Amino acid sequence: MFKTRLISGIILVVLALATILPGGLPLLLMVGFISVVGMLEFYGAMNVIRRNKAQVPAAGKEYEAKDPNALKSQVKEPMNALAAAGLVGAVNYLVLIAYAPKPYYLFGVVGTLTLLLAVYVFTFPRFHADQVVAAFAGMVYVAVTLGFIYLTRMAYDGHVLVWLIFLSSWGADTCAYCLGRLLGRHKMAPILSPKKSVEGAVGGVLGAGLLGLAYGSYLGRQGWIYFLICSVGALISMVGDLAASAIKRDKGIKDYGDLIPGHGGILDRFDSVIFTAPVIYFLSILLIRV
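Numbering follows numbering that gives the first Met the number 0, with no gaps: position 152 of the sequence shown is 151.
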């Protein structure tokens, strides 16, 4: 398992370098691909479309313990009009952030909601209201937040600032894991994530901050600003990680998918990045004036 995770991790790093370094269209296409796959995973978990094979077995065990007949109510279609509308809205939003003026970004969000409501109304009673809410939430939760990776990279000095997203999220994960293994005694969220400890969380925040400090100092800039940005980003990334775990627990699934061997699905790997990207973008504007 460790070897599989290592190889998958290396591949992810290579893909990140190959798309983030040039930015532009390659990065937009990669963000679009990740967003679409992540939304499909989310839609399966939230019963908008049929659950994927990584979600069904764990969900079955949970549902059997509560209600043996609950799985019969699960959606059987791998795709439907509501999910398609959400995906179209996500692609439209990403195109707008790349090629339209800033005031039009929100049109992509409002337009998606309008499209989803149109599907809901004109196919009534095909879909339930909670499915419409889940379809819209999936678009915002995945596509809008991940779009901030592109926005950060394409901002002024973005070739430098974009790496703060990954120092904050993946750097915090690594530091939290190492310190948690060494010193972890007090459980941070025993129900959602039994292996995470308070000591590991503190190590993750400080570790990410120190990575930011080293990065800023290497660039000859004010290291304390980068320390602050990465520390806050790391703290938010843990909220994102736990939020994803809460959704999985609530829906009775272990992983969102199995696209990335050893890691799970897109949302299993990018759950912390999803929350971190917008925070880094806005903190960069506030503290560095990009």
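Here a beta-carbon is modelled for each residue, glycine too, at the ideal position from N, C-alpha and C. All of these numbers come straight from a predicted model, not from anything done at the bench.
Start-to-end residues for the alpha helix (DSSP H) that takes in residue i
i	result
M237	222-250
Q130	128-137
Y214	197-217
F147	144-153
I291	Lying before the first or after the last residue shown, residue 291 is absent from the chain, which here runs from 0 to 289.
T122	T122 -> no alpha helix (DSSP H), and no H or E assigned at all.
Y140	Where Y140 is concerned, there is no enclosing alpha helix (DSSP H), given that its DSSP letter is neither H nor E.
N91	80-98
D172	162-182
CA nearest to the CA of residue i, picked from the options
i	options	result
A242	Y140, A175, L205	Y140
V278	G264, S236, D270, G211	S236
W162	V231, I19, S7, K101	I19
V36	G110, G137, V231	G137
L160	L282, A17, L112	L282
H185	K195, L191, N79, V108	K195
Y214	I265, I228, A134	I228
L205	A44, S192, P189, S168	S168
Y119	A233, V108, P102, A84	A84
Y225	S271, D254, F165	F165
G239	A53, T173, T144, I190	T144
A154	R180, I190, V109, A97	A97
L212	V197, P193, G203, S230	S230
A142	K52, V272, P260	V272
R49	F274, Y255, T275	Y255
L39	V13, K75, L86	L86
I33	Y280, I287, L285, L258	L258
F269	V12, R152, T3	V12
M45	G251, G22, L24, D267	G251
Y42	S192, H262, G23, N79	N79
A233	Y217, D267, F274	F274
S7	H262, K101, L286, L285	H262
D156	I287, I10, L14	I287
K247	S192, L210, L285	S192
C177	M187, I190, I148, A200	A200
G22	A276, H158, G219	H158
D129	I190, L81, A53	L81
I190	Q54, L210, D249	D249
G264	P102, Q54, Y217	Q54
Residues that DSSP places opposite residue i in a beta bridge
i	result
S192	A188
G263	I259
Rounded Cβ spacing between residue i and residue j (contact assumed at less than 8 Å)
i	j	result
A207	A171	4 Å
V94	L116	Contact flag wrong, Cβ pair sits at about 21 Å.
V30	G107	Not really, about 14 Å apart at Cβ, beyond 8 Å.
G202	G179	7 Å
V350	V47	Outside the modelled stretch of the chain, which goes from 0 to 289, sits residue 350, for which no answer is possible.
L105	Y280	Contact flag wrong, Cβ pair sits at about 15 Å.
L26	R125	The pair is not a contact, with the Cβ atoms about 37 Å apart (cut-off 8 Å).
F135	T111	7 Å
Item checked: Ranges of the alpha helix (DSSP H) found wholly within the stretch 17-49, counting only runs of at least 4 -> Listed in chain order, the complete alpha helix (DSSP H) runs (minimum 4 residues) inside the stretch 17-49 are 23-44.
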